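> If you're matching positions, the sequence shown starts at 1 in the UniProt record's numbering and goes up one per residue.
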Amino acid sequence: MLLLLLIILPCMQHEPADAAVFSNNTQVGNGLSPNFTSMKVIKHKDMEQCLVHSMNPVLVFSSSFDYLREFCWMDDDYRNTSRRWYIFQTFNDGVLHIERTFDLLLALNTTVAIQLALLVLARCLRGKWWACNLEQDKREHYSNNQSILLRKLISSSEGLSEYGFTIYTVRDLEKATNNFNPTSIIGNGGHATVFKGFLSDKRAVAIKMSKLTNPQDMKDFINELFILSKIRHKNVVKLFGCCLETEVPLLVFDFIPNGTLANHLHVRQSSSSLSWENRLRIVTEISGALAYLHCNASIFIFHRDVKSSNILLDNNFTAKMSDFGASRSILVDESASVGSGLVTLVQGTLGYLDPEYYHTRKLNHKNDVYSFGVILVEILTGKNPVSFTLTEQQTNLRSWFISAMKKKRLIKIVESHIVNIESRRQIEAVAKIAETCLRLRGDERPTMKEVEMALLMLSLWMP
């Protein structure tokens, strides 16, 4: 860019203008004023002689008006038999001023060069301005997101360093996902997209990116980050860190490679591969994770969106609870008033949503117990609560299951390939636990700790 400007700038120098003046009686064409001398052939020496004897600059132009020169500025031989040339000696009492100019071709080339230089300069400045704005946006997003996060962390009794997660840059995550290449997408929900990537230390990660940027999304992501930073449990997906340089923070999780429980239950080719032993172990692990959230963590946490698609499985079919965006955290000293607390927004998934919570908007730990009961019905029947085919008699998966239990028809609705002599008594016991979890009144349901203990006993129970 600098080299281009050095080439162009000398061409932009202008000499002071000389006054080449036409008198009022000047005519162009057949009738010329006495000031003009017409010559058929104009030689260089003739022009020099004319200039030497003239007190004023001499102007030379063609009869076709397409070739206008001032002799003292050019170094041409004006020999041209195809045109008639005129020499005009300027004087001081006229009205028209003609500024010295370049050859037409040189002028055009210079103009184009200047325009190109300005265009390149503008693009460079625009790129630099855009980059500066991008960096400024990153700093502002980082500052805003960090201030929200730190306010939440500082309000607790522990510091940021206690949580052991990393603050990543956007560039770190772009490298991990090949600039967020669509081929890296492993999950695409209504509120977020999840990319698979590899960090510089070769760890596989899942990067969660919000699709929306409204205040509620911001609140949910910060909330999820805050809650997961408090949790240390083998059956809760591990949060490695986050990126604060984007408008909504990006969350970086441990990559869990074996899909979700929902995929294994409801995709035909996967369903038969999930044995009863694995199903029972998975729900036992998740019950333990929920019991931990409800009463063993430094704060009480209600998940509020417990469902099979939020349960991830690793290669050993170990369960990991995920997606805490809708979760609600309650300080220990607030627990006494939780049962009477109201929420303005009911969050959850139809088919799993606690009817009592939906109607009363009362938030408590029994909401998660109901949703977990639906998952127990899923592992027994293989039916999807979200896309369950309704009949005239039944309205949802819960009522269909409860009706079968009352009619002693449980085995008829359980997936046939998981029923055998060894598993039958365990299946019946799990069905009874599910029935108690699905009671319409929350105060009649067991706690997750009670559910966990019952499932652990079943796992140890050898028929």
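Note that CB positions come from ideal geometry on N, CA and C, so glycine has one too.
Only a predicted model underlies this, so the values are computations on that prediction, with no experimental measurement involved.
1) For Leu312 versus Thr260, is the C-beta distance shorter than 9 Å?
2) Just the C-alpha distance for Asn420 and Asn178, rounded to the nearest angstrom, thanks.
3) DSSP puts Ile114 in a beta bridge; with which residues?
4) Under a Cβ-count criterion, where at least 16 other Cβ atoms within 10 Å of its own Cβ denotes burial, should Leu426 be classed as buried or exposed?
5) Whole angstroms are fine: how far does the CA of Ala206 sit from the CA of Ile256?
6) Could you say which of Cys295, Ile299 and Phe253 lies nearest to Asp323 if we only look at CA atoms?
7) Is Asn420 a contact residue of the ligand ADP, with contact defined as CB to any heavy atom under 8 Å?
8) Roughly how far, in whole angstroms, is the beta-carbon of Ser229 from the beta-carbon of Leu239, given that I think they are within contact range, below 8 Å?
9) Would you mind giving the Cβ-Cβ distance between Lys320 and Thr349, rounded to the nearest angstrom? I have them listed as a contact below 8 Å.
10) Contact between the region 352 to 360 and the region 368 to 384: three or more CB pairs below 8 Å?
11) Ends of the beta strand (DSSP E) at Ile418?
12) Per DSSP, what kind of secondary structure is Phe317 in: helix, strand or coil?
13) Roughly how far, in whole angstroms, is the beta-carbon of Gly442 from the beta-carbon of Lys366, given that I think they are within contact range, below 8 Å?
14) Would you tell me roughly how many angstroms separate the C-alpha atoms of Lys234 and Glu285, rounded to the nearest one?
15) If we count the other Cβ atoms within 10 Å of its Cβ and call it buried at 16 or more, is Trp400 buried or exposed?
16) Following the continuous alpha helix (DSSP H) through Lys208, name the residue where it begins and the one where it ends.
17) Taking CB distances under 9 Å as the criterion, tell me whether Val267 reaches chain C.
18) Pick out whichever of Trp461, Ile433 and Met405 has its Cα sitting closest to the Cα of Glu450.
19) Can you give the Cα-Cα distance for Phe317 and Ile231, rounded to whole angstroms?
20) Do Ile413 and Leu438 have their C-beta atoms closer together than 9 Å?
21) Using 9 Å as the threshold, is the C-beta distance between Val430 and Leu455 below it?
22) From the DSSP output, in three-state form, read off Tyr168 for me.
23) Kindly list the residues whose CB is nearer than 6 Å to the CB of Asn258, restricted to its own chain and excluding five residues on each side of it in sequence; keep chain order.
24) Bridge partners for Leu250 per DSSP, in chain order?
25) According to DSSP, Leu312 sits in a beta bridge with which residue or residues?
26) Please list, in chain order, all residues of the same chain as Met405 whose beta carbon is under 7 Å from its beta carbon, the five residues on each side excluded.
27) Please classify Ile87 as buried or exposed, where buried requires at least 16 other C-beta atoms within 10 Å of its C-beta.
28) To the nearest whole angstrom, what separates the beta carbons of Leu225 and Gly197, a pair I think is in contact under 8 Å?
29) Under a Cβ-count criterion, where at least 16 other Cβ atoms within 10 Å of its own Cβ denotes burial, should Glu356 be classed as buried or exposed?
30) Could you pull out every residue in the same chain whose Cβ sits closer than 6 Å to the Cβ of Asn384, ignoring the five residues on either side in sequence?
31) How would you write the range of the alpha helix (DSSP H) that Asn367 sits in, first residue to last?
32) Given this structure, state the Cα-to-Cα distance separating residue 474 from Arg171, to the nearest angstrom.
33) Can you look up Ile282 in the DSSP assignment and give me helix, strand or coil?
A quick look at the data gives this:
1) With contacts defined by Cβ atoms closer than 9 Å, Leu312 and Thr260 form a contacting pair.
2) Here the C-alpha atom of Asn420 lies approximately 48 Å from the C-alpha atom of Asn178.
3) None; Ile114 has no bridge partner.
4) With the sequence shown as reference, residue 426 is identified as Gln, and Leu is not the correct amino acid for it. Around the beta-carbon of Gln426, 16 or more other beta-carbon atoms lie within 10 Å, marking it buried.
5) Near 8 Å, if we compare the C-alpha coordinates of Ala206 and Ile256.
6) It is Phe253.
7) Looking for the ligand ADP in the displayed structure turns up nothing, as the structure carries no ligands at all.
8) Confirmed, about 7 Å.
9) About 18 Å; that fails the 8 Å criterion.
10) Contact between the region 352 to 360 and the region 368 to 384 is established, with three or more Cβ pairs separated by less than 8 Å.
11) For Ile418, there is no enclosing beta strand (DSSP E), as DSSP gives it neither H nor E.
12) Of the three classes helix, strand and coil, the one that applies to Phe317 here is coil, per DSSP.
13) Right, the Cβ-Cβ distance comes to about 4 Å (below 8 Å), so this counts as a contact.
14) Distance between the alpha carbons of Lys234 and Glu285 is about 9 Å.
15) Trp400 is classed as buried because its beta carbon has at least 16 other beta carbons within 10 Å across all chains shown.
16) From DSSP, Lys208 is part of no alpha helix (DSSP H) but of the beta strand (DSSP E) over Ala204 to Ser210.
17) Absent from the structure: chain C. Only one protein chain is present.
18) Check the Cα spacing between Glu450 and each of Trp461, Ile433 and Met405: the tightest is with Ile433.
19) Each residue's alpha carbon lies about 21 Å from the other.
20) No, the Cβ-Cβ distance between Ile413 and Leu438 is not below 9 Å.
21) With respect to the 9 Å criterion, Val430 and Leu455 are classified as neighbours on the basis of their beta carbons.
22) Tyr168 falls in the strand class under three-state DSSP.
23) The beta carbon of Asn258 lies closer than 6 Å to those of Leu313, Asp314 and Asn315 in the same chain, with the five residues before and after it left out.
24) Partner(s): Cys243.
25) For Leu312, which the question treats as bridged, DSSP gives the partners Thr260 and Lys320.
26) Cβ neighbours of Met405 beyond the five flanking positions: Ala431 and Glu435.
27) A caution first: Ile87 carries a pLDDT of 45, below 50, which makes its placement in the model too unreliable to give a value.
28) In this structure Leu225 is not in contact with Gly197, their Cβ atoms being roughly 18 Å apart against a cut-off of 8 Å.
29) Label assigned to Glu356: buried.
30) The beta carbon of Asn384 lies closer than 6 Å to those of His266 in the same chain, with the five residues before and after it left out.
31) That run of the alpha helix (DSSP H) goes Lys366 to Thr381.
32) For the chain, the structure presents residues 1 to 463; residue 474 sits outside this window and is missing.
33) It is helical.
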